[in-house]
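Residue numbers (the working numbering), protein chains in the order written: chain A, 2 to 246; chain B, 2 to 246; chain C, 3 to 278.
So this is what it looks like as structure tokens:
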């Protein structure tokens, strides 16, 4: 089935309590009991539980971050993993066991290609306005496509762009992260390369380098200055944020 | 909380693989992988899983009884236990941690369409009286709808209109902004943005407009009086109807 | 950008990344299979089988124009934005053939071509991203939540759920229902003056040489059955622009071709107008 896995060290016979804590028996007991409680709460809920909600249910002096980190490590190579999405945590079956789980599969409505494309644009370019989405896709967006995406619960209105006309901006939801198994937006596949290549910019960046069949790509045009380090830094900063929030 | 428990030997640092199996590395790997698989199946199943059903989904040569026994021992003193009911198995919260589960399962209530419409009109048109809301909607407002909205904590009595009958005016609360992720009321989309987002037809009559939401939601309008203590008492004692009929 | 987007060809695209109707540049025409001109261009660019950064925009323009010509020969209805793109590419092609020449806005044909390549590349990047996204381990398909949850742990404030989208949809629908009574505007089959003018400004407005209205514009923009209205509206718009001093117009004799050029680019000349 999955012969590439490393079986030598399995979570099932792993000693998860860190040596540092082991020195203090009281702290160790406290951590272990907090782990049991967190485990029970997280197991009981099908939805991700926020750290805040978890902290409210654990004894006051608990270091929730440490408890979650220990639990995550403990479940790391097991059949069920503890995963983080945004500021919430949940138990999910291990991805490599998908082949076993056909019985649990819920039939999912297949998204149209237009809807998928729009979803990707919203995810990678957020916050993004409808006009910007249409500019990237080169076609107008039908209301039905937006409705379909809204129904999935993966996109939302984020706010309004502080530009003339104050257009509505779109972004993704925590449910989007949960569904696609992303810890945060910066984990979107390939986002760093896309950003680096200037492909998440609304307009063609000045340093977008396309070799011209008719021109020497390195020669500067008459109305062009060479880029300075400051420019490059600015360009990096000015590209629309692809998920640092 | 449960001081009588034995903490000396906890599952978290227990070596669960029996000595007998440890002698044979191949058998041990097989058992461990089968445990992962059983764990995932039991976790994701919507009902207890019989040994027979489990056997059907695990690799042919698996000793299902041994796998379940190992898993049960592994989860024995953890936050979640593997329990047998009849001939079927399932995960259950450890009995001593039941207090952690919210018994009054907080149900997600959806606002009725009428309530949503009324809420939206209050948000856009505040300060607005009940009579005005009914004029915009073209239907009478049931007392239940107003009560529901009051219960959400998203609307409030703002004051009284300085017109005959001194009807009560409604407005939104900071909790409204918080819930809908708005920084201020002016972040509510205007007519052009509603069209841009595809929510309004691009061909609305020329005299159609959407009011500009208040800049300062707390400032009273020119024709509005603050609520007095007497008013508040009345509103609390009497039914919180608009009082404008 | 009028009717092109109202009903995109969603129905065709119910499969992820499936093959399109066209596999060869050799015109197996299925224009309905494309979601707009950019989609078609991207498909043609991929057929050049080189990296997008190295495609020949000139070749791409030729292929696109051939595709449109083929579609029109078969009398397929083409959405307006396909035709606007055709006219723009025809313009770009003519500029690319004379390299290093600056346009009225100071941009070279190469820069226009690079901007087009950027758009194609960005669209392709988003397509790839969408494919990578849907192929991740997904909840309910590859990974699963607890099948028998024992409690719903939610924060109190979420007890009443409604999204901003719900709210705005309700508001807009409510206001619209009461506002729209019986206003229904039938779809127009004629070119409006504003449309014609917009297209003229975009195309002719920057051409510095005499350009035939028919040869250059009408051929790409109008369906055969729209020729009359297209010529009429374009001509009317032309006159308006001449009156504003932005355009010059010339006609050798009655019923012969109309030539236009941008006024900024030329020395003043007498304007003569014969009706055709």
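All C-beta atoms in this analysis are idealised placements derived from N, C-alpha and C, irrespective of residue type, glycine included. What you are looking at is a predicted structure, and each value in this text was computed from that prediction instead of being measured.
Using the Cα positions of residue 149 of chain A and residue 196 of chain A, report the straight-line distance between them to the nearest angstrom.
-> In the first chain, the residue the question calls residue 149 of chain A occupies position 148. In the first chain, the residue the question calls residue 196 of chain A occupies position 195. Whole-angstrom Cα-Cα distance: 28 Å.
Checklist entry - Cβ atoms of residue 163 of chain A and residue 172 of chain A: under 8 Å apart, would you say? => result By 1-based counting over the first chain, the position of residue 172 of chain A is 171. By 1-based counting over the first chain, the position of residue 163 of chain A is 162. For the 8 Å CB-CB criterion, residue 172 of chain A and residue 163 of chain A do not form a contact.
* To do: Taking only the alpha-carbon atoms, compute the straight-line gap between residue 262 of chain C and residue 253 of chain C and give it to the nearest angstrom.
  => Mapped onto the third chain, residue 262 of chain C falls at position 260. Mapped onto the third chain, residue 253 of chain C falls at position 251. So the alpha carbons of these two residues sit roughly 9 Å apart.
| Residue span of the alpha helix (DSSP H) that contains residue 124 of chain B, given as start and end | Residue 124 of chain B sits at position 123 when you count from the first residue of the second chain. Element bounds for residue 124 of chain B: 114–126.
**Message:** Here's the rule I'm using: 16 or more other beta-carbon atoms within 10 Å means buried, otherwise exposed. How should residue 92 of chain C be labelled?
**Reply:** Here the question's residue 92 of chain C lines up with position 90 in the third chain. It is buried - the Cβ of residue 92 of chain C has at least 16 other Cβ atoms within 10 Å.
* Asked: Counting only runs that start and end within the segment 22–110 of chain A, where is the beta strand (DSSP E) found for 3 or more residues in a row?
  -> 81–86 and 89–94
Where residue 119 of chain C falls: helix, strand or coil (DSSP):
Working through the third chain from its first residue, we reach residue 119 of chain C at position 117. Residue 119 of chain C: helix per DSSP, three-state reduction.
Alpha carbon to alpha carbon, how far is residue 155 of chain A from residue 246 of chain C?
Here the question's residue 155 of chain A lines up with position 154 in the first chain. Here the question's residue 246 of chain C lines up with position 244 in the third chain. Cα to Cα, the separation comes out at about 51 Å.
| query | Considering only residues of the same chain and omitting the five flanking positions on each side of residue 232 of chain B, which have a CB-CB separation below 6 Å? | reply | Numbered from 1 along the second chain, position 231 holds the residue referred to as residue 232 of chain B. Excluding residues within five positions, none has a Cβ falling inside 6 Å.
When the Cα of residue 147 of chain B is compared with those of B/157, B/227 and B/138, which residue comes out closest?
Residue 147 of chain B sits at position 146 when you count from the first residue of the second chain. Ranking B/157, B/227 and B/138 by Cα distance to residue 147 of chain B puts B/157 first.
Note to self: Helix, strand or coil for residue 60 of chain C? Go by DSSP, reduced to three states.
What the structure shows: Here residue 60 of chain C refers to the residue found at position 58 of the third chain. If DSSP states are grouped into helix, strand and coil, residue 60 of chain C belongs with the helices.
For a contact defined as C-beta to C-beta under 7 Å, what are the partners of residue 81 of chain B on chain A? For the purposes of this step, residue 81 of chain B is identified with residue 80 of the second chain, where counting begins at 1. What residue 81 of chain B touches in chain A: 40, 41 and 44.
Taking all protein chains shown into account, decide if residue 193 of chain A is buried (16 or more other Cβ within 10 angstroms of its Cβ) or exposed.
-> Along the first chain, read from residue 1 onward, the residue named residue 193 of chain A stands at position 192. Under this definition residue 193 of chain A is an exposed residue.
| said: When you compare the CB positions of residue 150 of chain C and residue 47 of chain B, do they come within less than 8 Å of one another, or not? | reply: Position 148 of the third chain holds residue 150 of chain C. Position 46 of the second chain holds residue 47 of chain B. Contact: yes.
If I follow the unbroken alpha helix (DSSP H) through residue 187 of chain A, where does it start and stop?
The sequence position of residue 187 of chain A within the first chain is 186, counting from 1. Premise fails: residue 187 of chain A is in no alpha helix (DSSP H) and is neither H nor E.
Say whether the segment 161–175 of chain C touches the segment 76–87 of chain C, bearing in mind that this needs 3 or more beta-carbon pairs closer than 8 Å, one atom from each stretch.
-> no
Query raised in the report: Taking the C-alpha atoms as reference points, what is the distance between residue 230 of chain B and residue 118 of chain B?
Result: Indexing the second chain from 1 puts residue 230 of chain B at position 229. Indexing the second chain from 1 puts residue 118 of chain B at position 117. Our two residues, residue 230 of chain B and residue 118 of chain B, have alpha carbons roughly 30 Å apart in a direct line.
Taking the straight line between their C-alpha atoms, what separation do you get for residue 91 of chain A and residue 148 of chain C? Along the first chain, one-based indexing puts residue 91 of chain A at 90. Along the third chain, one-based indexing puts residue 148 of chain C at 146. Between residue 91 of chain A and residue 148 of chain C, the C-alpha separation is close to 9 Å.
Going along the chain, which residues of its own chain have a beta-carbon closer than 7 Å to the beta-carbon of residue 198 of chain B, five neighbours each way excluded?
-> As a first step, residue 198 of chain B must be located in the second chain, where it is residue number 197. Correct list, in chain order: 190.
Please list, in chain order, the residues of the segment 65–89 of chain C that have any C-beta partner in chain B closer than 7 Å.
none
**Asked** Secondary structure at residue 90 of chain C, three-state DSSP: helix, strand or coil?
**Response** For this step, residue 90 of chain C is matched to residue 88 along the third chain. The answer is helix: DSSP assigns residue 90 of chain C an H, G or I state.
Strictly under 8 Å for the Cβ-Cβ distance: is residue 152 of chain C near chain B by that measure? Numbered from 1 along the third chain, position 150 holds the residue referred to as residue 152 of chain C. Cβ-Cβ to chain B under 8 Å: yes for residue 152 of chain C.
Exercise. What do you get for residue 236 of chain C, buried or exposed, if any count of 16 or more other CB atoms within 10 angstroms of its CB means buried?
Worked result: Within the third chain, numbered from 1, the residue matching residue 236 of chain C stands at position 234. Flag for residue 236 of chain C reads buried.
*asked:* Check for me: the alpha helix (DSSP H) holding residue 146 of chain C runs from which residue to which?
replied: For the purposes of this step, residue 146 of chain C is identified with residue 144 of the third chain, where counting begins at 1. From DSSP, residue 146 of chain C is part of no alpha helix (DSSP H); its letter is neither H nor E.
Practice item. In angstroms with no decimal places, state the Cα-to-Cα distance between residue 212 of chain A and residue 117 of chain C. Key: Along the first chain, read from residue 1 onward, the residue named residue 212 of chain A stands at position 211. Along the third chain, read from residue 1 onward, the residue named residue 117 of chain C stands at position 115. The predicted position of residue 212 of chain A is uncertain, since its pLDDT is 39 and thus under 50; no value can be drawn from it.
Q. Using Cβ-Cβ distances below 8 Å, what residues of the segment 159–174 of chain C are close to chain B?
A. 159, 160, 161, 162, 163, 164, 165, 166, 168, 169, 170, 171, 172, 173 and 174
Pick from C/94, C/181 and C/100: whose alpha carbon is nearest that of residue 136 of chain B? Position 135 of the second chain holds residue 136 of chain B. Nearest option by C-alpha distance: C/181.
Determine whether the Cβ of residue 237 of chain C lies closer than 8 Å to any Cβ atom of chain E. The chain inventory of the structure shown lacks chain E, comprising the protein chains A, B and C.
For residue 113 of chain B, count the other beta carbons within 10 Å of its own beta carbon; 16 or more makes it buried, fewer makes it exposed. Which is it? Counting from one through the second chain, the residue named residue 113 of chain B turns up at place 112. When all chains shown are included, residue 113 of chain B counts as exposed.
Quick check: is the beta carbon of residue 75 of chain A nearer than 8 Å to any beta carbon in chain C? Taking the first residue of the first chain as position 1, residue 75 of chain A is located at position 74. With its beta carbon at least 8 Å from every one in chain C, residue 75 of chain A lies outside the interface.
Q: Over the uninterrupted alpha helix (DSSP H) stretch that includes residue 158 of chain A, give me the two end residues.
A: As a position in the first chain, residue 158 of chain A is number 157, starting the count at 1. No alpha helix (DSSP H) holds residue 158 of chain A; the beta strand (DSSP E) holding it covers 156–161.
**Asked** residue 137 of chain B bridges to which residues according to DSSP?
**Response** In the second chain, the residue the question calls residue 137 of chain B occupies position 136. Paired residues: none, contrary to the question.
Between the alpha carbons of residue 174 of chain C and residue 129 of chain B, how many angstroms are there, rounded?
By 1-based counting over the third chain, the position of residue 174 of chain C is 172. By 1-based counting over the second chain, the position of residue 129 of chain B is 128. The alpha-carbon of residue 174 of chain C is positioned some 18 Å away from that of residue 129 of chain B.
Members of the segment 179–210 of chain A near chain C, C-beta cut-off 7 Å:
179, 180, 181, 182, 190, 191, 195, 200, 205 and 209
ask   = In this structure, does DSSP put residue 251 of chain C in helix, strand or coil?
value = Here the question's residue 251 of chain C lines up with position 249 in the third chain. Strand, per DSSP.
(Q) Out of C/132, C/146, C/264 and C/171, which one is the CA nearest neighbour of residue 211 of chain C? (A) Looking up residue 211 of chain C in the third chain gives position 209. That would be C/264, whose Cα lies nearest to the Cα of residue 211 of chain C.
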